[in-house]
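Worksheet for the structure shown next.
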Amino acid sequence: MSVREDTEKKVFAYMEKHHMIVPHDRIVAGVSGGADSVCMLFLLLEYARKVPLTLAVVHVNHGIRENAGADAAYVESLCKEYRIPFFLTRADVRKLASEEKRSEEEMGRRIRYDAFRRAAEELGGAVTAVAHNSNDNGETMLFHLFRGSGFGGLGGIWPVRQGAYGKMIRPILCLERSEVEAYLTVRQISWCMDETNNGDDYCRNRIRHNILPYAEREISQGAVRHMCRTAEMLQETEAYLEQQTRQALEQCLVQNKGTGAKYVFETEIFRTFHEVIQKRMIFSVLKRISPESKDIFLVHVQDTLSLMTKEGNHSINLPFGIVARREYGRVIIEQPPSDREGGEIWNGNPVMLPSWTEMMEAPCLCDVGNGEQLEFRIIFGKKAQKVPENRYTKWFDYDKIEEPLMIRARRTGDFFTIAAGTGHMAHKSLKEYMIAEKIPKQLREKIPVISSGSHIVWLVGWRISEYFKVDENTKRILQVKLLQDVENVNVENTKNGG
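Residue numbers (the working numbering): 47 to 544.
Here's what the structure looks like:
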């Protein structure tokens with residue numbers, strides 16, 4: 047069997063093993079012009095002969111390399127030749143990374159994921175395909191090992207991921223870099239060279255150029271292949287443990303109407319589980335209510351775990367204002383009680399929103415009760431863009447938001463900024479607004495509030511604050527969309543307030 051036949055058979059079997067594509071799927075392929083992505087593109091074209099699918103290509107010009115424009119032109123020419131829709135995104139990654147105090151690597155990744163999401167939406171929903179290979183997987187495994195990680199990280203790159211951005215697949219994860227280049231060479235397909243991959247400026251490049259070649263040469267021939275087999279076993283183990291953790295949480299978490307807290311552990315049931323599952327349960331809960339899960343460490347899990355065995359009432363403070371406290375045989379994990387003053391919470395504890403970079407990568411969805419959801423995402427401001435006039439879709443200038451955003455119920459001291467005439471602004475209390483708008487008392491505690499401290503950004507379905515409106519200087523827009531109407535609100539009394 048030839049190199050071409052061997053490669054296609056291997057990749058197609060790998061895709062089918064992991065159920066990556068079903069007939070008539072729409073696929074958005076990220077193609078940089080490098081060997082990996084070009085190889086993936088041509089393998090998908092071959093797979094389309096076997097399984098009917100719709101293919102589109104996304105290319106991102108990061109504005110870092112002088113010849114980046116030539117790469118974009120090459121990818122566009124391939125798309126024209128094979129009649130594939132082509133989506134081009136240009137961004138000054140270096141400038142954005144400097145402004146946001148992020149690494150260029152991280153910023154580039156955020157922009158790519160946002161480009162994938164936009165293309166997928168334009169196609170009416172699509173699967174995203176990216177071109178990681180086995181060597182990338184080995185680099186990722188070592189990178190996570192050196193920095194400290196659980197099974198999820200040590201398992202490296204997953205062949206299929208389902209997230210808020212949709213389904214992402216990695217069709218050539220089963221191929222080593224040498225196999226990729228051999229396939230392209232046999233088919234006489236050219237590719238672009240990225241000189242940034244030749245240096246050791248990035249941590250992953252140092253692993254790629256120094257550690258993995260040494261391992262292959264001096265420790266074990268086939269080291270990458272062996273690591274990828276281990277990665278598969280670790281991924282299977284992680285999937286099993288995640289399933290066990292979810293089942294354990296269903297047994298351990300109880301309702302606590304006295305506090306309104308959402309995460310309440312019954313300690314006697316909790317202690318019946320193995321310590322591995324105990325730690326995973328705590329970590330799972332802390333991730334759900336923290337805006338930056340990467341800042342939740344083992345020490346925070348261990349401190350919370352210690353409450354499960356202590357006698358009497360105790361409490362500990364965790365990152366992002368999270369409090370874990372033990373009382374009467376239960377351990378409660380929640381946001382500080384001060385954030386819950388002023389009325390009963392609409393759906394459990396207040397929810398702190400993720401960072402803007404996470405919302406740029408993928409929309410954030412938050413349940414607000416009654417089957418309703420709020421969708422948050424970041425988009426870059428453009429003068430030509432028109433502010434939505436939809437009652438349930440609002441735009442806000444993200445750079446005007448100084449304190450962390452939260453979804454919660456109203457509380458004492460909440461206020462709007464309103465136009466006071468002659469270009470001036472004034473504060474108006476939320477209580478005064480609700481009285482003036484004749485919002486029934488029984489509804490006032492049920493309407494979600496998006497706030498920055500005590501400053502109301504949006505009383506959902508009702509009014510927004512004038513202060514956070516977008517203008518000609520807006521660079522980052524926070525788009526908030528209520529996916530369903532707020533129940534029981536009298537539409538005749540509702541005003542947009544902007």
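Note that beta-carbon positions come from the ideal geometry of N, C-alpha and C, so glycine has one too.
Which term fits Ala114, buried or exposed, when burial requires 16 or more other beta carbons within 10 angstroms of its beta carbon? buried
message: According to DSSP, is Tyr438 part of a helix, a strand, or is it coil?
response: coil
Point to revise | Test item: CB-CB of Ala277 and Gly201 under 7 Å | key: yes
Would Arg334 pass as a contact of Leu353 if the rule is Cβ separation under 7 Å?
-> no
**Prompt:** Which residues mark the beginning and the end of the alpha helix (DSSP H) in which Tyr309 is found?
**Reply:** Careful: Tyr309 lies outside any alpha helix (DSSP H), inside the beta strand (DSSP E) at Tyr309 to Glu312.
Quiz item: Do you know whose CA, among Ile425, Arg454, Arg457 and Ser336, lies nearest Pro400's CA?
Solution: Ser336
Taking the Cβ atom as the reference point for each residue, do Val104 and Gly76 lie within a distance shorter than 7 Å? yes
Fill in: Reference Gly154, options Ala137, Phe319 and Ala165, closest by Cα
Ala137
Query - Integer-rounded CB distance, given that Leu99 should sit under 8 Å from Ile67 - result: 6 Å
Practice task
Pick helix, strand or coil for Glu390, following the three-state DSSP scheme.
Solution key: Its pLDDT being 38, under 50, Glu390 is placed unreliably in this model, and the coordinates cannot settle the point.
Residues that Ser497 bridges to, as DSSP identifies them: Met452 and Ile502
Over the uninterrupted beta strand (DSSP E) stretch that includes Glu62, give me the two end residues. Careful: Glu62 lies outside any beta strand (DSSP E), inside the alpha helix (DSSP H) at Val49 to Lys63.
Query - Exposed unless 16 or more other CB atoms sit within 10 angstroms - verdict on Leu188 - result: buried
query: According to DSSP, which residues form a beta bridge with His473?
result: Thr463
- Item | Neighbourhood of Ser149 by C-beta, 7 Å cutoff - its chain only, sequence neighbours within 5 removed | Ala143
Problem set entry | Sheet register partners of Lys527 (DSSP bridge) | Glu421 and Thr439
Contacting residues, own chain, Cβ-Cβ under 7 Å from Ala430 (five flanking each side not counted)
Because the pLDDT of Ala430 is 48, which lies under 50, any placement of that residue in the model is unreliable, and the number read from its coordinates should be weighed accordingly. Same-chain partners within the cutoff: there are none.
From Leu258 to Phe162, what does the alpha carbon distance come to, in whole angstroms? 30 Å
Original post:
Is it buried or exposed for Glu321, if we count other Cβ within 10 angstroms and need 16 for buried?
Top reply: exposed
Sequence-distant residues of its chain with Cβ nearer than 6 Å to Gln419 (five each side left out):
Leu411, Asp413 and Leu529
Helix, strand or coil for Thr231 per DSSP? helix
**Asked** Would Arg454 be called buried (16 or more neighbouring beta carbons within 10 Å of its own) or exposed?
**Response** buried
In the DSSP output, what is Met398 paired with across the bridge?
Met452
**Request:** Decide if the stretch 49 to 61 is in contact with the stretch 223 to 239; the criterion is three or more beta carbon pairs, one per stretch, under 8 Å apart.
**Result:** yes
Check your understanding: Where does Met66 fall in DSSP's three states?
Key -> coil
Compute the Euclidean distance between the alpha carbons of Leu505 and Glu314, then round it to the nearest angstrom.
41 Å
inquiry  = Just to confirm the assignment, what range does the beta strand (DSSP E) spanning Thr186 have?
reply    = Taken as a continuous stretch (DSSP letters only), Thr186 belongs to no beta strand (DSSP E), being part of the alpha helix (DSSP H) at Ser180 to Arg193.
So, is Met398 buried or exposed, given that buried needs 16 or more other C-beta atoms within 10 angstroms?
buried
Taking the continuous beta strand (DSSP E) assigned at Thr100, which residues delimit it? Leu99 to Asn107
- prompt: Excluding five sequence neighbours on each side, which residues of the same chain lie with their C-beta closer than 8 Å to the C-beta of Leu476?
  reply: Arg456, Asp460, Phe461, Phe462, Val495, Ile502 and Leu505
**Study point:** Per DSSP, the bridge partner or partners of Ala175
**Key:** Ala75 and Ile215
| message | Per the DSSP calculation, Leu411 is bridged to which residue(s)? | response | Glu421
Does Pro383 come out as helix, strand or coil in the three-state DSSP assignment? Interpretation of Pro383 is limited by its pLDDT of 43, a score under 50 that renders its predicted location unreliable; no figure is taken from the coordinates.
Checklist entry - Can the beta-carbon of Asn107 be found less than 7 Å from the beta-carbon of Ala119? => result no
Integer Cβ distance of Arg271 from Leu169, believed to fall under 8 Å
About 35 Å separates the two Cβ atoms, so there is no contact after all.
| message | Taking only three categories from DSSP, how would you classify Glu373? | response | strand
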